[in-house]
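Just remember that my numbering sits 1 ahead of the position in the sequence shown, which is counted from 1. Using N, Cα and C, we set each Cβ at its ideal position, and we do this for glycine too.
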Amino acid sequence: MAIRAVAFDIGGVLERVGDADVWLDVWRARLRLESGDFDDRMAQVDPRGLIGTGKMTEGEFRRGCLDAFGFSDAAADEFMADMWDWYCGELDTELVDYLRGLRPAYTTGIISNSADGARREEQLRWQFEQLVDEIVYSHEVGVAKPDRRIYELACERLDVAPHELVFLDDVQACVDGASAVGIHALLHRSTLESITAINALLA
Numbered sequence: 002m003a004i005r006a007v008a009f010d011i012g013g014v015l016e017r018v019g020d021a022d023v024w025l026d027v028w029r030a031r032l033r034l035e036s037g038d039f040d041d042r043m044a045q046v047d048p049r050g051l052i053g054t055g056k057m058t059e060g061e062f063r064r065g066c067l068d069a070f071g072f073s074d075a076a077a078d079e080f081m082a083d084m085w086d087w088y089c090g091e092l093d094t095e096l097v098d099y100l101r102g103l104r105p106a107y108t109t110g111i112i113s114n115s116a117d118g119a120r121r122e123e124q125l126r127w128q129f130e131q132l133v134d135e136i137v138y139s140h141e142v143g144v145a146k147p148d149r150r151i152y153e154l155a156c157e158r159l160d161v162a163p164h165e166l167v168f169l170d171d172v173q174a175c176v177d178g179a180s181a182v183g184i185h186a187l188l189h190r191s192t193l194e195s196i197t198a199i200n201a202l203l204a
């Protein structure tokens, strides 16, 4: 059967996201903490990675940061704001324009490993809810890439069989996970290369 839907990852694909150290270094210097001490404290906040599957709320993460670093409420709010600015990065406008142009010929979606608060922050900045037909955030559905269940859920929500879906991600393990389900999964390296590869599949 023909391809009927195209889905995209967010961080590293629709958003260009820099190295976390770019903003964390500012806070290391501000708090006058050695890199190892700072990183150890940061690791205490969510050591099991619970926030990615909705088992830790944004509020709980903020409280963990406040406790780990001895923040005031104002400093904790500033830290979280800086985190979201980094997390949301810079929009790849060329790729987003391409994605926008896929409708109505194709159903479009997002499949993203995420954290509580991501929908609010990305909607505020980029209006992803108006850009695509479906958004599958890992923290909302309780399962993260490359677990096959998140791809199966995405197919269900997009109302397509796996072989009717193209998916673009910048992480090889996530591409492999989607491929294992039967999705046409592509590794994102550059905007031009990805658009060319998607067009080749659609043709």
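- In the DSSP assignment, V7 forms a beta bridge with T109, V167.
- Closest option to M81, judged by alpha-carbon separation, among R5, D40, G65: G65.
- If you draw a straight line from the Cα of G50 to the Cα of A116, it comes to about 10 Å.
- Annotated three-state conformation of I184 is coil, per DSSP.
- The shortest C-alpha to C-alpha distance from T54 to any of D86, S113, L203 is the one to S113.
- Restricting attention to W87, M43, G90, the CA atom closest to the CA of L67 is found in M43.
- Pairwise C-beta distances place the segment 170–187 out of contact with the segment 93–105, as fewer than three of them are shorter than 8 Å.
- Assignment of L15 by DSSP, reduced to helix, strand and coil, places it in the coil class.
- For E59, DSSP records no beta bridge to any residue.
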